[in-house]
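Here the structure is laid out as structure tokens; the discussion comes afterwards.
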Amino acid sequence: KYASGEYVIMPRGELPVNVGSYKCVLTISVSNTDNYVFENGENDKQFSFEFEIVPMTIDVSGLTFDAVEFMYNNTSQMPSLNNIPLHVRSTVRLYLITNEVVEIANDQAINAGKYRCDVTLRPESSNYILSGNTTYSTEFKISPKIIADLDDLLNIEFEIAFGEDTYTDDSL
Numbered sequence: 011k012y013a014s015g016e017y018v019i020m021p022r023g024e025l026p027v028n029v030g031s032y033k034c035v036l037t038i039s040v041s042n043t044d045n046y047v048f049e050n051g052e053n054d055k056q057f058s059f060e061f062e063i064v065p066m067t068i069d070v071s072g073l074t075f076d077a078v079e080f081m082y083n084n085t086s087q088m089p090s091l092n093n094i095p096l097h098v099r100s101t102v103r104l105y106l107i108t109n110e111v112v113e114i115a116n117d118q119a120i121n122a123g124k125y126r127c128d129v130t131l132r133p134e135s136s137n138y139i140l141s142g143n144t145t146y147s148t149e150f151k152i153s154p155k156i157i158a159d160l161d162d163l164l165n166i167e168f169e170i171a172f173g174e175d176t177y178t179d180d181s182l
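Read in order, the letters of the sequence shown correspond to residues 11 to 182 in this note's numbering.
This is how it looks when you write it as structure tokens:
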């Protein structure tokens, strides 16, 4: 073994993983100074170089929604945007469309009707940039549940009003 070395990366002194400009200083020291020296007669030699880590580009073009037809089931339903890449976050907004008027649906689509789903994509950090379409939109429908037979009807909760009193029963 003729020499040993160590490096320091500035500004933090640790291996960089985030976007930014960095400088690396490498110091090599001769181990056996009696028999070896650098060409300038010194026992130590320093090298330095600068480098930059740039954001990774993530292609988010060509994403598609899954199903756009649903049946009422008393839970919030909406289509999903498929194949969103790693390191990409999304914000979803739902809108109820009635008589061509669009109203915010409080991010829940429960009742039968026509809705619009808007998905906005963003990188999870400054280490990434997105290329392609970053906003996707689709309309979807929740159809009323069809009561097919007496068993379906008997499982529906009902309310009967008797003057001032109200009676609720879900166990016919």
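Where is the CB? At the ideal position from N, CA and C, for every residue including glycine.
A distance below 7 Å separates the beta carbons of residue 91 and residue 146. For residue 52, no beta strand (DSSP E) encloses it, and the DSSP letter there is neither H nor E.
Between residue 122 and residue 94, the C-beta gap is not smaller than 7 Å, which leaves the two residues out of contact. Per the coordinates, the alpha-carbon of residue 142 lies some 15 Å from the alpha-carbon of residue 97. Residue 87 carries a coil assignment under DSSP once its states are collapsed to helix, strand and coil. A distance of 7 Å or more separates the beta carbons of residue 127 and residue 65. With fewer than 16 other CB atoms across the displayed protein chains lying within 10 angstroms of its CB, residue 17 is exposed.
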